[in-house]
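Enquirer: Okay, handing you the structure first.
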Amino acid sequence: MSPAEAIRVLVVEDDPVAAAAHALYVGRVPGFAVSGTVHSGAGARRHLDQHPVDLLLLDLFLPDGHGLQLVRTLRAAGHTADIIAVTSARDLAMVREGVSLGVVQYVLKPFTFATLRDRLLRYAEFRATTGEASGQDEVDRALAALRAPQPAALPKGLTPATLRAVTDVLRAAVDGLTATEAATDVGISRITARRYLEHLVTGGRAARAPQYGQVGRPELRYRWSGH
């Protein structure tokens, strides 16, 4: 896709460090380009009046007003850019209000690059649907592109609570950890810890590599992959 065909994204985020990170994330996703970065609702309005934008990555808590109020103002002014809301708020009433204003996705802070990439690629898939639907199934597929997949059922013998515990210690381990270390941290057996770690690897949320330098058979070291 040429730069002219890329989906143009305006990052609206009051925290300059977070704004720079979000812009960096957007720039790493194929098919997307950063149109600009602004830190207020007023800055967003000025940018939209001067530059074509397809999508706003919009923080809902801005220094000069709520993000959804900004969306209302933009719609009244004729701006039709789609919205992906970025927020730490978990108020479902706010989510419903956002949907009524045309917010196509919500991303909860803090989020990883992989999370935003997934939402952007789903949005791109939805945006690419054109023409007339042949029936209800095709309409359903187009709308389903915006929805995140349902979490897969855990293999027999694994529990959500222990998976969360193993996930937490793995994410906190800057240099990764072995099944033995995970077992000690969580309070489970090494074999059980390894089952959970392997489940995370299978799901793409962790990576593993042999740990050398010790006598005997090398042990696998697991690292959180950021997904």
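Every number in this note's numbering is 5 more than the matching position in the sequence shown, counting from 1.
For every residue, glycine included, the Cβ atom is placed at its ideal position computed from N, Cα and C.
Since this is a predicted model, take the numbers as computed values, not measurements.
Starting from I196, follow its DSSP beta bridges and name the residues at the other end.
Expert: If you number the sequence shown from 1, residue 196 lands on position 191. According to DSSP, I196 bridges with nothing at all.
Enquirer: Do the CB positions of A212 and S194 come within less than 9 Å of each other?
Expert: Walking along the sequence shown from the start, residue 212 turns up at place 207. Walking along the sequence shown from the start, residue 194 turns up at place 189. No, Cβ-Cβ distance for A212 and S194 is not below 9 Å.
Enquirer: Using only alpha-carbon positions, find the residue among R124, T197, A119 that is nearest to V109.
Expert: Counting from 1 along the sequence shown, the entry for residue 109 is found at position 104. The shortest C-alpha separation from V109 is found at R124.
Enquirer: Taking the alpha carbon of S40 as the point to measure from, which residue in T164, P115, A86 has its own alpha carbon closest?
Expert: Sequence index remark: in the sequence shown, residue 40 carries index 35 (1-based). When only C-alpha atoms are compared, the closest one is A86.
Enquirer: Taking 8 Å as the limit between beta carbons, can you name the residues of its chain near L106, skipping five residues before and five after?
Expert: Start at 1 with the first residue of the sequence shown, and residue 106 comes out as number 101. Within the same chain, L106 has close Cβ partners L73, V76, R77, R80, I88.
Enquirer: Rounded to the nearest angstrom, how far is the Cβ of V58 from that of L126, given a contact under 8 Å?
Expert: Numbered from its first residue, the sequence shown carries residue 58 at position 53. Numbered from its first residue, the sequence shown carries residue 126 at position 121. 19 Å between Cβ atoms; not a contact.
Enquirer: What are the boundary residues of the beta strand (DSSP E) that E224 is part of?
Expert: Residue mapping note: residue 224 aligns to position 219 of the sequence shown, counting from 1. Start and end: 224–229.
Enquirer: Do the segment 169–186 and the segment 196–204 touch if we need at least three Cβ pairs shorter than 8 Å?
Expert: Yes: the two stretches touch, three or more of their Cβ pairs being nearer than 8 Å.
Enquirer: Look at A38 and A11 and say whether their C-beta atoms are less than 9 Å apart.
Expert: Taking the first residue of the sequence shown as position 1, residue 38 is located at position 33. Taking the first residue of the sequence shown as position 1, residue 11 is located at position 6. In this structure, A11 lies closer than 9 Å to A38 by Cβ.
Enquirer: Give a yes or no on whether the C-beta atoms belonging to G103 and A119 are separated by under 9 Å.
Expert: Mapped onto the sequence shown, residue 103 falls at position 98. Mapped onto the sequence shown, residue 119 falls at position 114. Not in contact: G103 and A119 (Cβ atoms no closer than 9 Å).
Enquirer: State the Cα-Cα distance for the pair A170 and Q216, rounded to the nearest angstrom.
Expert: Position 165 of the sequence shown, counted from the first residue, corresponds to residue 170. Position 211 of the sequence shown, counted from the first residue, corresponds to residue 216. So the alpha carbons of these two residues sit roughly 23 Å apart.
Enquirer: Straight-line CA distance for A214 to D69?
Expert: Within the sequence shown, the letter at position 209 stands for residue 214. Within the sequence shown, the letter at position 64 stands for residue 69. If I take the Cα positions, the gap works out to 48 Å.
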